[in-house]
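Residue numbers (our numbering): 2 to 437. Note that beta-carbon positions come from the ideal geometry of N, C-alpha and C, so glycine has one too. Given the structure is predicted, the values throughout are model-derived calculations rather than measurements. Notes to accompany the following structure.
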Amino acid sequence: MATDIVMPQMGESIVEGTITKWLKKPGDKIQRDEPLFEISTDKVDAEIPAPASGVLQEIKVTEGTTVQVNTVVGTISSDGEGAAVKPTPEKKAAPTAAPPAAKAQTPAPSGPKAAPAAPPAQRHEEEDHARSSPLVRKIAREHNVDLAQVEGTGLGGRITKQDILAFIEGQDQAHAGASQPRPTTPTATQAGEVSRPAPAAIPGDLVPMTNMRRIIAQRMVESRRTSAHVHAMFEVDMTRIVNLRNKLKSSFEQRNGTRLTFMPFFVRAAIIGLQQFPIVNASVEGEAVRYHRHVNMGIAVALDWGLIVPVLKNADELNFLGLQRGITDLGERARNKKLKPEEVEGSTFTVTNPGQFGAVFGLPIINQPNSAIMGVGGITKMPLVVTDKDGSDSIAIRSVVHLTLGYDHRIIDGAVADQFMAFVKKTLEGWSEDVG
């Protein structure tokens, strides 16, 4: 008995996925729910578990291939017989004859006669189908590329999506006057590297974008075109919170089993502000405004291979400890590719933290369909004028952060954005909530 391994439906709007890495090879024993392969979609990168226990019998779709959801990508056998690798599900019984022999053949009898300088059409089509996927052939047609000229780095010489993109990029570079040989072995252009840090590029190299990078680029440009971006920056005295965290972080971790970070302070202050100014938590739908009942907080997570925004659903119903646990959990699972598609959808507001890398502040792009995003800069010590309760001024060293609100001016007026940020500032500077 064999069990089919299928490309999963990772969300209602997702119609295809790219296999970036097989974690097992044919003949390996596997347990049900054990990570079997990694995929990349336009929503999330994820590890896919084995649907059954047994032996990986066959790999039908190799790394770097993009296929439709529900496509059979491999099989698991209970007895492990017939372990094999097949390049793609489209390849039925195509022979893997040596290229010289194939080129020595005469035109297929049933094929139309072609001009002497061109290969026979039918044989050309058969070879294309044997060495490529429908997606690769579509890209080749759109760019007028003869697949016979493209070197395949996939199993058995199969042309992957990355191969055709690299070939096209190489042509563009050649037309621009650059001369650079394509690698003949798998490199960073392979889809197996889609969700991993690209190796350091040699100056002058032209390296195709990873799948995630292409998606990020597309989303950022779309957001700029969609929303009327405006930014407001506020300086916040975090000394009270810094002292509180320093005092409680050891006992907090011992008591709750999770580290105490600064992020839940910012998230909680934003939630309270959003409840006071609901338009900042709203979304544009056509010529109407959707006011959301809950705050679904997007938390931007920087990965070694890109950026992702997992969502803490109904964050307004969580206490401080719940926020800390939720933020920590989403961050860890994002880095380990354990997020589900629904966990990166449905945000109503986003917080991003460029300050963790030393930035004083940033001007973040709105995460659609949100209408606002708050950027958190680095917390640094600096001299500030401090006024005591008697009205006397003095200069003191304080811990300061710069918060930036990027907002959509189509529905959020500058006065409202400033009032929201002033409220967040007041909440942080006068923090009084129990942190658990």
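From the DSSP secondary-structure annotation, give me the bridge partner or partners of residue i.
i      : result
Thr405 : Met234, Gly376
Arg1   : Outside the shown range of the chain (2 to 437) lies residue 1, about which nothing can therefore be said.
Ile20  : Ile40
Asp5   : Thr76
Gln69  : Glu17
Lys30  : Val56
Ile396 : Val386
Using only CA atoms, which one of the options lies nearest to residue i?
i      : options                        : result
Phe278 : Gly18, Val425, Thr72           : Val425
Phe362 : Ala397, Gly376, Thr349         : Gly376
Glu152 : Glu143, Phe168, Arg138, Arg142 : Phe168
Ala51  : Val74, Gln32, Val62, Lys61     : Gln32
Asp206 : Met422, Thr4, Glu170           : Glu170
Ile77  : Lys25, Glu434, Val70           : Lys25
Asp238 : Gln420, Thr329, Phe266, Pro36  : Phe266
Ile300 : Ile273, Asp330, Val290         : Asp330
Gln369 : Pro209, Val310, Leu304         : Val310
Gly65  : Glu434, Ile165, Tyr292         : Ile165
Val296 : Phe358, Val243, Ile374         : Ile374
Met234 : Glu434, Phe421, Met210         : Phe421
Phe358 : Lys338, Asp389, Lys390, Val302 : Val302
Val208 : Gln172, Val222, Gln219, Arg256 : Gln172
Val243 : Asp147, Leu148, Lys382, Met210 : Lys382
Who are the Cβ neighbours of residue i in its own chain at under 6 Å, not counting the five residues just before and after it?
i      : result
Thr67  : Glu17, Thr19, Leu136, Lys162
Glu39  : Thr21, Lys22, Glu48
Gly356 : Val377, Gly378, Gly379
Pro120 : Per-residue confidence for Pro120 stands at a pLDDT of 47, beneath the threshold of 50, marking its modelled position as unreliable; the derived number appears in the next sentence. Cβ neighbours of Pro120 beyond the five flanking positions: none.
Ser228 : Ile367, Asp409
Is the beta carbon of residue i sitting closer than 8 Å to the one on residue j?
i      : j      : result
Leu261 : Leu275 : no
Val285 : Met298 : no
Thr72  : Met11  : no
Val45  : Val345 : yes
Asp409 : Ser348 : no
Asn212 : Ser41  : yes
Val386 : Ile396 : yes
Pro365 : Thr353 : yes
Glu59  : Pro27  : yes
Leu406 : Ala418 : yes
Val281 : Phe350 : yes
Leu304 : Ala316 : no
Val478 : Ile15  : The requested residue 478 is not part of the displayed model; the chain covers only 2 to 437.
Arg336 : Thr259 : no
Starting from the C-beta of residue i, find all residues in its chain whose C-beta is less than 8 Å away, skip the five residues before and the five after it, and write them out in chain order.
i      : result
Leu245 : Trp432, Val436
Ala360 : Gly378, Gly379
Pro384 : Ile396, Ala397, Ile398, Arg399
Glu254 : Arg260, Leu261
Gly332 : Ile300, Val302, Pro311
Glu434 : Arg269, Phe321
Whole-angstrom Cβ separation of residue i and residue j, contact assumed at under 8 Å?
i      : j      : result
Ala271 : Ile412 : No, Ala271 and Ile412 are not in contact; Cβ-Cβ is about 18 Å, not under 8 Å.
Ile328 : Met264 : 5 Å
His403 : Glu236 : 6 Å
Arg241 : Phe321 : In fact, because the Cβ distance is near 15 Å, the residues do not count as touching under 8 Å.
His505 : Ile367 : The chain is shown only over 2 to 437; residue 505 falls outside these bounds and no answer can be derived.
Gly307 : Arg225 : Actually they do not touch by this definition, with Cβ atoms about 18 Å apart.
Ser79  : Met2   : 5 Å
Excluding sequence positions up to five away, which residues of its chain have a Cβ less than 7 Å from the Cβ of residue i?
i      : result
Ala116 : Unreliable placement is indicated for Ala116, whose pLDDT of 42 sits below 50; the coordinate value is still reported in the next sentence. Excluding residues within five positions, none has a Cβ falling inside 7 Å.
Arg334 : Leu340
Asp5   : Val73, Thr76
Lys30  : Val56
Asn257 : Leu322, Gly437
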